[in-house]
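Taking it in order: structure first as structure tokens, then the write-up.
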Amino acid sequence: MIEISSLSYHAGPTPILHDISTRIECGGITALIGPNGAGKSTLLHCISGLEKPSSGSVRINGIDPFSVPHRQRAKTVALLQQSPALVSRLRVRELVSFGRWPHHQGRPCRADEEAVDRALVAFALTELSDRTIDTLSGGQRQRAFIAMTYAQDTPWMLLDEPLNALDPRHARDLMARLHGLSRDGARSIVIVLHDINAAAGWADHIVAMKDGRIMAQDASASVLTEETLRDVFDTPFELLQHKGRPVVVAR
Amino acid sequence: MAERRVLWLGLALLVLCGAFLAWQLRAPMGFILGLRAAKLGALVCVGAATGAATVLFQTVAGNRLLTPGLVGFDALFVLMQTLLVLLLGGVGAASLPAGPRFLMEVAALGVASVALFGLLLRRDARDITRMILTGIILGVLLRGLSSMVQRLMDPSDFAVVQQAMFASFGRVDPQQLAFSAVVLLAAMAVALRMAPALDVAGLGRDTARGLGLNHDRVVMTALLLMAAMVSVSTALVGPITFLGLLTASLARQVTGSHRHAVLLPAAAILGALILVAGQFLFERLLGSQSALAVIVEFFGGLVFLFLVLKRRRR
């Protein structure tokens with residue numbers, strides 16, 4: 001469980017997050033939605049222990065990500081960042097192997113290799129495994145970084161806009177894969193999505209943010225109302241039902 | 001694969017060193033061999049130190065265009081030498097025992113560089129252009145400060161500084177050389193031990209921290225190691241700005257790898273190889289004495305331009 005209590009974050013003098021308190025239960029997919037600049041990425045960075053909040057506290061599975069050893073934190077929570085830096089001459093397999101670093105600290109064993117193989121298979125990267133990262137397309141690269149996050153094998157996976165640059169097939173595959181992973185309760189996933197329909201289709205819970213505050217948080221169906229969406233995005237939406245699933249259309 | 005290439009490079013260096021020592025050896029053999037060995041030692045030390053230091057710096061800076069020399073690292077060393085002489089006087093500084101003095105210099109340079117470049121790296125690491133410019137201006141500032149202090153000095157003290165700064169490959173003190181070699185080997189051993197952590201640090205600060213690497217500590221250690229290596233090279237022969245760049249990019253080309261366990265030794269060997277080969281070519285075959293540094297700078301500068309232009313095209 002992630003527990004956030006009265007968390008605020010300032011970037012210099014600019015307030016980004018205002019006094020956020022919430023809980024995210026284990027298991028399932030929790031989608032973070034909201035307009036640009038709502039503070040979604042910053043919240044993920046605070047939860048994963050990369051940005052220290054100005055005030056307030058974070059507990060993830062009972063531990064404080066800022067006081068436990070780095071290695072223990074990296075075994076609890078993995079974060080896919082929005083635009084990670086590129087390293088030339090780095091092969092896909094090598095990149096994914098870095099996900100095992102918290103486990104082996106430079107001395108990989110058989111189990112680490114197998115975990116890397118599983119990640120490559122899971123994200124359809126086996127054929128690309130010997131390509132260097134800088135020769136990949138944007139979507140392929142994105143999948144390689146997601147595979148690295150997956151290989152980290154943590155109870156919590158935080159993904160910041162993982163659907164960026166993915167074509168419809170790989171976007172669907174990714175969401176289905178994440179959905180499958182989160183079913184047995186071993187993995188909990190928090191994911192920033194801009195495609196509201198992806199959230200509507202796959203997420204169990206939705207947290208809607210705006211201007212550094214949480215506007216709504218509940219089971220997907222309860223958050224996805226025309227009123228809430230209008231308030232969050234400042235733009236009118238129409239909510240349709242298609243084969244028993246909500247479909248959101250911007251008006 | 002990459003390891004084998006490093007082995008071949010090492011072998012080439014050994015052969016070249018043999019040729020350097022044995023080429024047209026005449027009586028008095030012992031005397032000439034001694035001179036040549038000292039010069040060879042200096043060339044190898046400086047080349048290896050510069051190569052490895054540059055790889056380390058490029059990793060922590062996340063930038064393949066920067067070298068310690070380019071951002072004023074050796075200028076910092078010269079400034080410290082100057083301040084030391086200013087504080088202790090020429091005789092006082094010259095009469096300090098070489099070992100402790102060198103250690104003191106490395107420690108002070110380490111602390112100063114961590115303070116200065118640690119701050120620079122943390123603040124500007126994302127903005128590469130700004131970082132290069134800040135580094136270059138910092139270098140100019142440090143050089144300016146040195147020359148200002150040197151102007152304030154007694155001429156005899158200044159002579160001591162000058163000797164410390166501009167020792168050439170020709171006049172190398174064997175004791176200083178031995179000490180440099182020990183420091184260099186130690187720094188290299190530590191760097192190789194932390195090679196996997198450096199690989200992770202190469203992914204960038206955020207990704208590395210996400211993977212649970214104590215990124216700031218790795219960067220500080222790398223800066224300290226680099227300070228030791230740069231001190232070795234600058235203390236022995238003075239600043240060579242572009243050798244590191246030439247060496248580091250060659251090492252990446254030759255090994256085709258991002259792994260520091262391979263890159264660090266490859267860059268060290270290549271640095272030594274370039275200097276020894278250049279010196280051999282100029283001194284033994286062309287009969288010229290002082291052109292080596294100029295030529296190395298010339299080709300290094302070309303590589304720098306090539307890298308800048310290639311980056312822009314992408």
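Sequences listed follow chains A and B, in order. Counting along the first sequence from 1, when you hit position 162 you're at 162 in my numbering, and nothing is skipped either side. Counting along the second sequence from 1, when you hit position 218 you're at 218 in my numbering, and nothing is skipped either side. Each residue gets a CB set at the ideal place from its N, CA and C atoms; glycine is no exception. Remember, it's a predicted structure, so these values are computed and weren't measured experimentally.
Would a C-beta distance cut-off of 7 angstroms place B/Val190 and B/Leu223 closer than the cut-off? Cβ distance not < 7 angstroms, so B/Val190 and B/Leu223 don't count as in contact.
Check: A/Met209 C-beta below 6 angstroms from any heavy atom of the ligand FMN: Among the ligands in the structure shown, none appear at all, so the ligand FMN cannot be discussed.
For A/Arg213, write down the residues that DSSP places opposite it in a beta bridge. Here A/Arg213 is bridged, per DSSP, to A/Lys210.
Using a Cβ distance threshold of 8 angstroms, determine whether the region 179 to 198 of chain B contacts the region 20 to 32 of chain B, with at least three qualifying pairs required. No, the region 179 to 198 of chain B does not touch the region 20 to 32 of chain B.
Is it the case that the Cβ atoms of A/Thr228 and A/Thr154 are separated by a distance below 7 angstroms? In this structure, A/Thr154 does not lie closer than 7 angstroms to A/Thr228 by Cβ.
Neighbourhood of B/Gly72 by C-beta, 8 angstroms cutoff - its chain only, sequence neighbours within 5 removed: Counting only Cβ-Cβ distances below 8 angstroms, and skipping sequence neighbours, we find Gly135, Ile136, Leu138, Gly139, Val140, Leu141, Leu142 and Arg143.
Beta bridge counterpart(s) of A/Ile189 as assigned by DSSP: Answer is A/Ile29 and A/Met157, bridged to A/Ile189.
Span of the alpha helix (DSSP H) holding A/Ala144? From DSSP, the alpha helix (DSSP H) with A/Ala144 extends over Gly138 to Ala151.
Interface flag, B/Val200 vs chain A, CB-CB below 7 angstroms: For B/Val200, the nearest beta carbon of chain A is closer than 7 angstroms to its own beta carbon.
Is the CB of A/Gln81 under 7 angstroms away from at least one CB in chain B? Closer than 7 angstroms to some Cβ of chain B, the Cβ of A/Gln81 qualifies, so yes.
CB contact below 7 angstroms: B/Arg151 versus chain A: No, B/Arg151 lies away from the interface with chain A (no Cβ there is under 7 angstroms from its Cβ).
With distances taken Cα to Cα, identify the nearest neighbour of B/Pro155 among B/Val85, B/Gly287 and B/Ala19. A check of alpha carbon separations from B/Pro155 across B/Val85, B/Gly287 and B/Ala19 identifies B/Val85 as the nearest.
Write down the C-beta distance between B/Ala268 and B/Ala52 rounded to the nearest angstrom, noting that I regard them as a contact closer than 8 angstroms. Contact between B/Ala268 and B/Ala52 holds, with the beta-carbon distance rounding to 5 angstroms and staying under 8 angstroms.
Check each candidate in B/Val46, B/Leu76, B/Leu203 and B/Ala272 and name the one with the smallest Cα separation from B/Arg259. Of B/Val46, B/Leu76, B/Leu203 and B/Ala272, the residue nearest in Cα terms is B/Leu203.
For B/Ala228, is the classification buried or exposed, using 16 other Cβ atoms within 10 angstroms of its Cβ as the cut-off for buried? So B/Ala228 ends up on the buried side.
So, under 8 angstroms CB-CB, A/Ala151 and A/Arg100 are touching, yes? Tell me the CB distance rounded to an integer number of Å. Between A/Ala151 and A/Arg100, the beta carbon gap of about 6 angstroms places them in contact (Cβ cut-off 8 angstroms).
Determine the contact status of A/Leu80 and A/Pro162, defining contact as a CB-CB distance below 7 angstroms. The Cβ-Cβ distance between A/Leu80 and A/Pro162 falls below 7 angstroms.
For B/Ala167, which three-state DSSP category applies? Note on B/Ala167: pLDDT 46, under 50, position unreliable in the model; the coordinate value appears next. Coil, per DSSP.
Nonlocal neighbours in the same chain, by C-beta distance under 6 angstroms from B/Leu102, ignoring five residues either side: In the sequence as displayed, the identity of residue 102 of chain B is Phe instead of Leu. So the list reads Phe179, once near-sequence residues are dropped.
Considering A/Gln72, what are the terminal residues of the alpha helix (DSSP H) in which it resides? Segment His70 to Thr76, the alpha helix (DSSP H) holding A/Gln72.
Going along the chain, which residues of its own chain have a beta-carbon closer than 7 angstroms to the beta-carbon of B/Leu245, five neighbours each way excluded? Excluding positions up to five away in sequence, the list reads Thr54, Thr67, Gly300, Val303 and Phe304.
A/Glu51 to A/Pro65, Cα distance in whole Å? Those two C-alpha atoms are separated by around 10 angstroms.
Spatial neighbours of B/Ala93 in its chain, beta-carbon cut-off 7 angstroms, leaving aside the 5 residues before and after: Cβ within range, chain order: Leu84, Val85 and Val160.
For a contact meaning CB atoms closer than 7 angstroms, what does B/Pro265 contact in chain A? None at all; the shortest Cβ gap to chain A is about 17 angstroms.
Using the beta-carbon of each residue, which ones in chain A are nearer than 9 angstroms to B/Asp206? Going along chain A in sequence order, the residues near B/Asp206 (Cβ under 9 angstroms) are His45, Leu50, Leu79, Gln81, Pro84 and Ala85.
When you compare the CB of B/Gly212 with every CB in chain A, is at least one pair closer than 7 angstroms? Interface residue, yes.
Chain B contact for A/His10 (CB, 7 angstroms cutoff): It does not: the Cβ of A/His10 has no partner Cβ on chain B nearer than 7 angstroms.
Euclidean distance between Cα positions of B/Leu116 and B/Leu133: When rounded, the distance between both Cα atoms is 15 angstroms.
Residue-chain proximity (A/His103, chain B), Cβ-Cβ < 7 angstroms: Not flagged as an interface residue toward chain B: A/His103, since no C-beta distance is shorter than 7 angstroms.
Going by beta-carbon coordinates alone, are B/Ala48 and B/Gly271 separated by less than 7 angstroms? Contact: yes.
List the endpoints of the continuous beta strand (DSSP E) containing A/Asp19. Unbroken beta strand (DSSP E) run through A/Asp19: Thr14 to Ile24.
May I ask you to list, following chain order, the residues of the region 59 to 76 of chain A that have a beta carbon less than 9 angstroms from some beta carbon of chain B? Within the region 59 to 76 of chain A, the residues whose Cβ lies closer than 9 angstroms to some Cβ of chain B are Pro69, His70, Arg71, Gln72, Arg73, Ala74 and Lys75, listed in chain order.
CA-CA distance, A/Val116 and A/Arg93? About 7 angstroms.
Taking the alpha-carbon positions, what's the A/Gln82 to B/Ala251 distance? Answer to the nearest angstrom: the Cα atoms are 31 angstroms apart.
Among B/Val15, B/Gln24 and B/Met1, the one whose alpha carbon lies nearest that of B/Leu285: It is B/Gln24 whose Cα lies nearest to the Cα of B/Leu285.
Going along chain B in order, which residues have a C-beta closer than 7 angstroms to the C-beta of A/Phe98? The contacting residues are Val200, Leu203 and Leu211.
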